[in-house]
Amino acid sequence: VRRSLLLTVLLALLAAPSALAGGWATVGLDSTPAGVEPGKPWNVDITVLQHGRTPLTGITPMVSIESGGVSKQFIAEPTGEPGVYRASVVFPSAGTWSYEVHDGFIDVPHTFPAVEISAPAAPESGIATGWLWGAGAALVLALALLGLDRRRRPATLPHAPEPAA
Amino acid sequence: VRLATAIAGGLAVAAVAMGVLAFTTGDESTPGAAMASSGLAVWTAQGCGSCHTLAAANAHAELGPDLEASLAGRSAAYVKRSIVAPNAEAAPGYTVGSMPDDFGSRIAPADLDRLVSFLRASAR
Numbered sequence: 001v002r003r004s005l006l007l008t009v010l011l012a013l014l015a016a017p018s019a020l021a022g023g024w025a026t027v028g029l030d031s032t033p034a035g036v037e038p039g040k041p042w043n044v045d046i047t048v049l050q051h052g053r054t055p056l057t058g059i060t061p062m063v064s065i066e067s068g069g070v071s072k073q074f075i076a077e078p079t080g081e082p083g084v085y086r087a088s089v090v091f092p093s094a095g096t097w098s099y100e101v102h103d104g105f106i107d108v109p110h111t112f113p114a115v116e117i118s119a120p121a122a123p124e125s126g127i128a129t130g131w132l133w134g135a136g137a138a139l140v141l142a143l144a145l146l147g148l149d150r151r152r153r154p155a156t157l158p159h160a161p162e163p164a165a
Numbered sequence: 166v167r168l169a170t171a172i173a174g175g176l177a178v179a180a181v182a183m184g185v186l187a188f189t190t191g192d193e194s195t196p197g198a199a200m201a202s203s204g205l206a207v208w209t210a211q212g213c214g215s216c217h218t219l220a221a222a223n224a225h226a227e228l229g230p231d232l233e234a235s236l237a238g239r240s241a242a243y244v245k246r247s248i249v250a251p252n253a254e255a256a257p258g259y260t261v262g263s264m265p266d267d268f269g270s271r272i273a274p275a276d277l278d279r280l281v282s283f284l285r286a287s288a289r
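Line order of the protein sequences matches chains A and B. Taking our numbering, I'd label the letters of the first sequence as residues 1 to 165. Taking our numbering, I'd label the letters of the second sequence as residues 166 to 289.
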C-alpha cells in the first residue's frame, strides 16, 4: 500500500500542470477573422512567446475552428521570423465560428471571441445615397418654386388689335 | 430676374452638384476598419488572453488575475500602469514578476489607449 501511495504521488508530481513548472507561452494574432468571407483564406500570423518574452521556435502551432459540430484544423508554418508562424484558415460556410490556437508547446488552447462569418454582401453601387437624396430634394424644391412663380406671374398676353372703326 | 426664379436656379445647380458628388464619392462606410483598430484587436495581437480571464475576449486563462475582477472600477491610469509597469503592484493572490514589463515599448500609445478603454469597458 505504501509503495502504491508513493507511486501515485510521484505520478501526480510528474503530471503537474506544465504552467506551474514555468512552461507556458503567449499567443498573439496579427489579425482576427472578422470580415473574412466563407471559402476565402484568413492568413494569420501567430506569434508564440515563451513566458510572454522569448520567441519559441521548432514548434507547430495549429488553428482550430468549430461551428455547429463541424470542426477543422489548420497547421501553421514557420515564417522565418523566430516565434512567428503563419496559418491559412478557411471557414467553409457562413455562420458563427469559434476558433482557438494550440501553440504546440503545451496542450492548453488559446481562446478568442467567436466570429460571425458572413456571405459576401451585395456589391457596392459606388453611389453615395445621401448626396443622391439631396440632389433629388433640391430638384423638387426648384421645380416647386418655378411652378409657384409661374402661377403668381400675371398673364402677359399681347394686346388684341383694336377693332377697326 | 425674380427672386423665386433665382432661388430655383440655385437649387437646380445644387442638385446637379450633389448628383455629381453622389456618383463620384461613393459610400465611405468601412465597418471593418473600426474593428481592426479596436482594443480587442490589441488584446488579440498581444496575446493577453493566454494568461488572463476576460469574458468579453472569451479568455479563460488563469496564469494571471481575472481582469474582470481585478480591474473593475479602476481608473484608466491604474489600468495603463498595470500594463506598462505590472511589477509595481500585484493583484491579490498573485506575485510580481510573471508578467513581462516591456508592454510599454511593445504597444503603440494609441493602441495602448484602445486596450485600456476596452479593458475598462469589459471589467465593469
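Ideal Cβ placement from N, Cα and C applies to all residues, glycine included.
Asked, Found
"Buried or exposed: where does Pro-230(B) fall if 16 or more other Cβ atoms within 10 Å of its Cβ makes it buried?", "buried"
"I'd like the span of the alpha helix (DSSP H) that includes Ser-291(B), first residue to last.", "What the structure shows of chain B is the stretch from 166 to 289, and residue 291(B) is not part of that stretch, so it cannot be assessed."
"What number of angstroms, rounded off, separates the C-alpha of Ser-247(B) from the C-alpha of Ile-106(A)?", "27 angstroms"
"So the beta strand (DSSP E) Ser-282(B) belongs to, where does it begin and stop?", "Ser-282(B) -> not in any beta strand (DSSP E); alpha helix (DSSP H) instead, spanning 274-287."
"Mind checking who Ile-75(A) pairs with in its DSSP beta bridge?", "Met-62(A)"
"Does Pro-167(A) come within less than 9 angstroms of chain B when only Cβ atoms are used?", "Residue coverage of chain A in this structure runs from 1 to 165, which leaves residue 167(A) outside it and unanswerable."
"Taking Gly-23(A) as the reference, which of Gly-68(A), Leu-56(A) and Gly-39(A) has the closest Cα?", "Leu-56(A)"
"With a CB to CB cut of under 8 angstroms and the five nearest residues on each side skipped, what residues in its chain are close to Ala-222(B)?", "Leu-205, Trp-208, Thr-209, Cys-213, Gly-214 and Ser-287"
"Quick check: the Cα distance between Ala-256(B) and Glu-227(B), rounded to an integer number of angstroms?", "13 angstroms"
"Just the Cα atoms here: how many angstroms apart are Ala-179(B) and Arg-151(A)?", "24 angstroms"
"Measuring CA to CA, which of Asp-30(A), Trp-42(A), Pro-113(A) and His-102(A) is closest to Leu-219(B)?", "Pro-113(A)"
"Between Ala-87(A) and Val-36(A), which are expected to be in contact by the criterion C-beta below 8 angstroms, what is the C-beta distance as a whole number of angstroms?", "Actually they are not in contact, since the Cβ atoms of Ala-87(A) and Val-36(A) sit about 13 angstroms apart, beyond 8 angstroms."
"Using a beta-carbon distance cut-off of less than 7 angstroms, what residues from the stretch 136-149 of chain A approach chain B?", "Ala-138, Leu-139, Leu-141, Ala-142, Leu-145, Leu-146, Leu-148 and Asp-149"
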